[in-house]
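Asker: Can you read through this structure? Questions will come right after.
Number of protein chains: 2
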Amino acid sequence: MIPTLRVERDDAANLSMQLATHLRELILAGDLPPGTRLPASRVLASEQGVSRTTAVAAYEQLTSEGLLVSRVGAGTYISDEVRTPPAHRTPFEADGHLPRLAHFSREISEQFFPRLTHPCSPRPFVTGMPAFDAFPMAQWSRLSAKYWRGARADIMSYPDATGLPELRMAICRHLRANRGLVCEPEEVFVFAGAQDAFLQIAQMLLDPGDRVWMENPGAIGARNAFLSRGAELVPVPVDAEGLDVAAGRRACPNMRMAFVTPAHQHPMGYTMSRDRRFELLAAAEESGAWIVEDDYVGEFHYGRSPLPPLKALDGAGRVVYVGTFSKALFPAIRLGYAVVPSGLVDIFERTLGAAAHGVSHAMQSIVADFIAEGHFSAHLRRMRDLYRTRRDALLAAGARHLDGRLMLLPTETGFHTVGLLPEGADEARVVEAVSAAGLATAPLSRFALSPLAVKGLTLGFSAVAPHEMEKGVERLAAALRALG
Amino acid sequence: MIPTLRVERDDAANLSMQLATHLRELILAGDLPPGTRLPASRVLASEQGVSRTTAVAAYEQLTSEGLLVSRVGAGTYISDEVRTPPAHRTPFEADGHLPRLAHFSREISEQFFPRLTHPCSPRPFVTGMPAFDAFPMAQWSRLSAKYWRGARADIMSYPDATGLPELRMAICRHLRANRGLVCEPEEVFVFAGAQDAFLQIAQMLLDPGDRVWMENPGAIGARNAFLSRGAELVPVPVDAEGLDVAAGRRACPNMRMAFVTPAHQHPMGYTMSRDRRFELLAAAEESGAWIVEDDYVGEFHYGRSPLPPLKALDGAGRVVYVGTFSKALFPAIRLGYAVVPSGLVDIFERTLGAAAHGVSHAMQSIVADFIAEGHFSAHLRRMRDLYRTRRDALLAAGARHLDGRLMLLPTETGFHTVGLLPEGADEARVVEAVSAAGLATAPLSRFALSPLAVKGLTLGFSAVAPHEMEKGVERLAAALRALG
Chain A
0 MIPTLRVERD
10 DAANLSMQLA
20 THLRELILAG
30 DLPPGTRLPA
40 SRVLASEQGV
50 SRTTAVAAYE
60 QLTSEGLLVS
70 RVGAGTYISD
80 EVRTPPAHRT
90 PFEADGHLPR
100 LAHFSREISE
110 QFFPRLTHPC
120 SPRPFVTGMP
130 AFDAFPMAQW
140 SRLSAKYWRG
150 ARADIMSYPD
160 ATGLPELRMA
170 ICRHLRANRG
180 LVCEPEEVFV
190 FAGAQDAFLQ
200 IAQMLLDPGD
210 RVWMENPGAI
220 GARNAFLSRG
230 AELVPVPVDA
240 EGLDVAAGRR
250 ACPNMRMAFV
260 TPAHQHPMGY
270 TMSRDRRFEL
280 LAAAEESGAW
290 IVEDDYVGEF
300 HYGRSPLPPL
310 KALDGAGRVV
320 YVGTFSKALF
330 PAIRLGYAVV
340 PSGLVDIFER
350 TLGAAAHGVS
360 HAMQSIVADF
370 IAEGHFSAHL
380 RRMRDLYRTR
390 RDALLAAGAR
400 HLDGRLMLLP
410 TETGFHTVGL
420 LPEGADEARV
430 VEAVSAAGLA
440 TAPLSRFALS
450 PLAVKGLTLG
460 FSAVAPHEME
470 KGVERLAAAL
480 RALG
Chain B
0 MIPTLRVERD
10 DAANLSMQLA
20 THLRELILAG
30 DLPPGTRLPA
40 SRVLASEQGV
50 SRTTAVAAYE
60 QLTSEGLLVS
70 RVGAGTYISD
80 EVRTPPAHRT
90 PFEADGHLPR
100 LAHFSREISE
110 QFFPRLTHPC
120 SPRPFVTGMP
130 AFDAFPMAQW
140 SRLSAKYWRG
150 ARADIMSYPD
160 ATGLPELRMA
170 ICRHLRANRG
180 LVCEPEEVFV
190 FAGAQDAFLQ
200 IAQMLLDPGD
210 RVWMENPGAI
220 GARNAFLSRG
230 AELVPVPVDA
240 EGLDVAAGRR
250 ACPNMRMAFV
260 TPAHQHPMGY
270 TMSRDRRFEL
280 LAAAEESGAW
290 IVEDDYVGEF
300 HYGRSPLPPL
310 KALDGAGRVV
320 YVGTFSKALF
330 PAIRLGYAVV
340 PSGLVDIFER
350 TLGAAAHGVS
360 HAMQSIVADF
370 IAEGHFSAHL
380 RRMRDLYRTR
390 RDALLAAGAR
400 HLDGRLMLLP
410 TETGFHTVGL
420 LPEGADEARV
430 VEAVSAAGLA
440 TAPLSRFALS
450 PLAVKGLTLG
460 FSAVAPHEME
470 KGVERLAAAL
480 RALG
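Sequence order for the protein chains is A and B.
Heads up, the first sequence is in numbering that gives the first Met the number 0, so the first residue is 0 and it goes up one at a time.
Heads up, the second sequence is in numbering that gives the first Met the number 0, so the first residue is 0 and it goes up one at a time.
Below, the structure written as structure tokens:
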């Protein structure tokens, strides 16, 4: 009657606990319905091939949990108090009796929300992915080994919620050297990646209903982070100079926050012009708004004299700068950071101190050493050259093969560029054909908050070797030709 | 006039960029006010000991940024557009012109919020801290080294937001073996610690204004996580049977969520009784509420036949179970998990997929190996014995030295117990004296949501060796005697 227990000898639980777990599972799964009479402990013992003591102990355990009741002289029964669960993996909607969800979860389950993508294969033209094969893993492993060799109590406890002091210091040094941004360690806060930073910043600065300027097309992660806080997003168009501040003022002059990617507008790849930066700073001051600057590929610029981050021009202390190590090192370490205006330092310290427990001490410490020993700046220099070469290879191959079917934007920064489609092209159909050709791409519409004037697709160059790129562009061209 | 640049040769930035950063800093700091005329590039070059080309390049860079303007024949000036920042580290309140904060941040800055503590020294009677010296760091380092040796592209990209499959599997195995909890890997979601899980669960299940039953006294981290979501907390008293469900029904029959620590009520250390567990499950069904079960020290029970988690009795699919590796391994790895009802699996997958990027791949993978190779269960067995010994040592020493000045609760679980003070004692004064004696403790009032009937302090035993414990208790007794 009762299926036999598969005893796990290497199991931490003793035999009677394993038997109790086995029976509990059958009871709560409804295989043994309430009221069922169980075999006498003697019988159970012989059926399950355990000692009678073990069987008795298991029954006692389940009785103490209220799952079994013993009626004197009448044996052991499954309690009528036991409730059996709904069928396995009922979708929430189908399970009418469950409590309600938060508004954001309901939105997610009812509407279309683009997922954050997790690229992992380096086929053309995957975006947002560094050249893993060019990463100095030997140095990294050495630093990791050194870290754990030295492991003592002082690194095993809770890391400070604001970040490891050595890493906050190292980030200042990096930003000054590689981004022309000067800040104090106390203004730097470490998060588990830029996405985590967006979620925490939204929690600290946004209330439900607050309006946020978002670039359209724009970054998906930040968008969903602000939506999770109940913010109301205001799509603001972008052009070759970046966010169209005048259009933003017309659409919503009293925003609470503006989100921008000045170094490399995501996904179009435009760099925000100097004038637009001053316009945005002025607009934020007029409306009493925060600015969140996502500098996600700021270290990778291929032109001459790049503009520094918007944050470097922020005299009024309204810009929260967000950076990540996902592009400059690799995403799996999950480390990013925010540089906040001095007026927000206390607030961030208090809020994180009350509600957060920090991120992996090991990852923070290893990255801090990686920067301090100079590997990071050296790696950035090498990668800048490598990515420039790969961008050039993509643009050159495009000029050779695409016959104007796709107009590649000559981006000066970042990991990808955009191929614009001619008027009247069917973006969805093109992306379908390109994907069918085994190429990784995304339609611009995927990044749209409201319908876009342009059509096109993203073409990543950072993760793909030039000869692969050439082949990829040939397949891309063939796919486009086939569409006529 | 212009302080000399300290050139950093190992700096990734070239000399002109360093000089531009140097000047930008002086300009934005207000040391060189708008309208100031700068020296001719020839003069700057000699002053700064750089080539004239470098000086010209730096001027061009800053001009392109809009910080400098050149008037033909009249030289180079600092633009009048430049705005200088407020004095360094202005506290938010003092900086009247900054935009407003989210409600939660305002609360934090205006009211008292207990901070999450970060114990790091093993002095008596620190709480919530495992015995770091007993951790098998050699095995851990070996697994870590193995992980990085094998590092390839497939582990360098973004981890799945729901958690590493191997770890989700390993957690199921652990919960079944060590907690008598049976679940499917797809129901397990990995977070950066229990605190991160509380924040994300609050985001998915709570809207501002939703009422949440909280144990009083109760856990601080979960409390602040729910407050960060705008929840309204309802203090519910606890007694030796755990949460007083009847009192909760009277105070707020229509709660949206109940938060409980059944295995070891935090901070009192009581285990929730069987009857109370059934009462709570029934109350949650009646009011359409979720239950969040924090099993933070569930692996550490020193009595016989411990009750399984509340989740194991959850036939109706309302309990979200939260566990952590901070106590069973060590906090610095920042790993925890939630086991959700099958009805919530899709929602959690969608919400995390849209707004989260997962936690450190390395930490997840190393912990998964640590469990799979059996080190984890073995470590738990050793630690259970070690902590039982330390608890016994504390209780025995207390019986020898405290003369009833402090009544130690004989907890059967966890990392600490509570010493109750007699009627009319001055808790704050006692804690002050005990801390002055170099002992780590916290007053029960620290965990109070509303005034408590009992007075006392926490006494951790997990991190302190028995002979240290003896000395600690002697100092504790002396401090209490001194108070008369």
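All C-beta atoms, glycine included, are put in the ideal place defined by N, C-alpha and C.
7 Å is my cut-off, CB to CB: does A/Gly287 come that close to chain B?
Answerer: Chain B, which has a Cβ nearer than 7 Å to the Cβ of A/Gly287, makes this yes.
Asker: Kindly say whether A/Asp137, judged by its beta-carbon, lies nearer than 7 Å to any beta-carbon of chain B.
Answerer: Note that residue 137 of chain A is Ala in the sequence shown here, rather than Asp. Output row for A/Ala137: interface = no.
Asker: Ignore the nearest five residues each way along the sequence and tell me which others in B/Leu205's own chain have a CB closer than 6 Å to its CB.
Answerer: Cβ within range, chain order: Arg228 and Ala230.
Asker: Can you tell which of A/Ala353, A/Gln60, A/Val358 and A/Ile107 has its C-alpha closest to the C-alpha of A/Met155?
Answerer: When each option's Cα is compared against that of A/Met155, the closest is A/Val358.
Asker: Of all the CB atoms in chain A, is at least one closer than 7 Å to the CB of B/Trp147?
Answerer: Closer than 7 Å: yes.
Asker: Anything in chain B within Cβ reach of A/Gln60, meaning under 7 Å, just list it in chain order.
Answerer: The answer, in chain order, is Ser304.
Asker: Excluding the 5 residues flanking A/Ala311 on each side, which residues of the same chain have their C-beta closer than 7 Å to its C-beta?
Answerer: Gly179 and Leu180, listed in sequence order.
Asker: Taking the continuous alpha helix (DSSP H) assigned at B/Leu42, which residues delimit it?
Answerer: Per the sequence shown, residue 42 of chain B should be read as Val rather than Leu. Taken as a continuous stretch (DSSP letters only), the alpha helix (DSSP H) holding B/Val42 covers Ser40 to Gln47.
Asker: Can you find a C-beta in chain A that's less than 7 Å from the C-beta of B/Phe324?
Answerer: Output row for B/Phe324: interface = no.
Asker: What does A/Ser108 touch in chain B if you count any residue whose Cβ is under 8 Å from its own?
Answerer: Those within 8 Å of A/Ser108 in chain B are Asp345, Ile346 and Arg349.
Asker: Give the secondary structure of A/Thr75 by DSSP, where H, G and I count as helix, E and B as strand, and everything else as coil.
Answerer: Looking at A/Thr75 - three-state DSSP - the assignment turns out to be strand.
Asker: Counting only the same chain and skipping the five closest in sequence on each side, list residues whose C-beta sits under 6 Å from that of B/Met382.
Answerer: Answer for B/Met382: no residue qualifies.
Asker: Please list the segments of the beta strand (DSSP E) lying wholly inside the region 265-295 of chain B, counting only runs of 3 or more residues, in order along the chain.
Answerer: DSSP runs (the beta strand (DSSP E)) wholly in the region 265-295 of chain B: 289-293.
Asker: Got a sec: is the Cβ-Cβ distance from B/Phe112 to anything in chain A below 7 Å?
Answerer: At least one chain A Cβ lies under 7 Å of B/Phe112.
Asker: Would you kindly check if the distance between the Cβ of A/Gly352 and the Cβ of B/Arg105 is under 7 Å?
Answerer: Their beta carbons are not under 7 Å apart, which means B/Arg105 does not touch A/Gly352 by this criterion.
Asker: May I ask which residues mark the beginning and end of the beta strand (DSSP E) holding B/Met382?
Answerer: It is not in any beta strand (DSSP E) - B/Met382 instead sits in the alpha helix (DSSP H) that spans His374 to His400.
Asker: Could you tell me how far apart the beta carbons of A/Thr412 and A/Val296 are, in whole angstroms, since I believe they sit closer than 8 Å?
Answerer: With a Cβ gap of about 6 Å, A/Thr412 and A/Val296 count as contacting.
Asker: For a cutoff of 7 Å on Cβ pairs, would you count A/Glu467 as touching chain B?
Answerer: Cβ-Cβ to chain B under 7 Å: no for A/Glu467.
Asker: Which residue from B/Met203, B/His466, B/Ala221 and B/Pro234 puts its Cα closest to that of B/Arg484?
Answerer: Since the first residue shown for chain B is 0 and the last is 483, residue 484 of chain B is missing from the structure and cannot be characterised.
Asker: Under three-state DSSP, which class holds A/Arg210?
Answerer: Of the three classes helix, strand and coil, the one that applies to A/Arg210 here is strand, per DSSP.
Asker: What do you get for B/Lys326, buried or exposed, if any count of 16 or more other CB atoms within 10 angstroms of its CB means buried?
Answerer: Counting Cβ neighbours within 10 Å, B/Lys326 comes out buried, since at least 16 surround it.
Asker: Looking at chain A, is there any beta carbon in it that lies within less than 7 Å of the beta carbon of B/Glu24?
Answerer: At least one chain A Cβ lies under 7 Å of B/Glu24.
Asker: Counting contacts by CB-CB distance shorter than 7 Å, is B/Ser50 in contact with chain A?
Answerer: It does not: the Cβ of B/Ser50 has no partner Cβ on chain A nearer than 7 Å.
Asker: What does the alpha-carbon distance come out to for the pair B/Val472 and A/Leu18?
Answerer: Roughly 41 Å separates the two Cα atoms.
Asker: Anything in chain A within Cβ reach of B/Asn223, meaning under 8 Å, just list it in chain order.
Answerer: In chain order: Ala353 and Ala354.
Asker: My guess is that B/Arg167 and B/Val189 are in contact by the Cβ rule of under 8 Å, so how many angstroms apart are they, rounded?
Answerer: Yes, B/Arg167 and B/Val189 are in contact; Cβ-Cβ is about 7 Å, under 8 Å.
Asker: DSSP on A/Val463, reduced to helix/strand/coil?
Answerer: In the structure shown, A/Val463 sits in coil (DSSP, three-state: anything other than H, G, I, E or B).
Asker: The alpha helix (DSSP H) that contains B/Thr53, what's its start and end?
Answerer: That run of the alpha helix (DSSP H) goes Arg51 to Ser63.
Asker: Which bits of chain B does A/Thr20 rub up against, with CB to CB less than 7 Å?
Answerer: The answer, in chain order, is Arg175, Gly179 and Val181.
Asker: If you run the structure through DSSP and keep just helix, strand and coil, what is A/Arg70?
Answerer: Note: A/Arg70 maps to strand in three-state DSSP.
Asker: Specify, as a first and last residue, the run of the beta strand (DSSP E) that A/Met128 falls within.
Answerer: From DSSP, A/Met128 is part of no beta strand (DSSP E); its letter is neither H nor E.
Asker: Using 8 Å for Cβ pairs, my map puts B/Ser449 next to B/Asn215. What's the rounded Cβ distance?
Answerer: The Cβ separation is near 6 Å, so the contact holds.
Asker: For my contact list, A/Arg210 and A/Met254 are in at a C-beta cut-off of 8 Å; report their separation, rounded to the angstrom.
Answerer: The Cβ separation is near 5 Å, so the contact holds.
Asker: Applying the criterion that 16 or more other CB atoms from any shown protein chain within 10 Å of the CB defines a buried residue, is A/Arg275 buried or exposed?
Answerer: With 16 or more other Cβ atoms within 10 Å, it is buried.
Asker: Alpha helix (DSSP H) containing B/Ala250: first to last residue?
Answerer: It spans Val244 to Ala250 - the alpha helix (DSSP H) in which B/Ala250 sits, taken as one unbroken run.
Asker: In chain order, which continuous runs of the beta strand (DSSP E) of length 3 or greater are located wholly inside the region 119-205 of chain A?
Answerer: 187-190, all fully within the region 119-205 of chain A.
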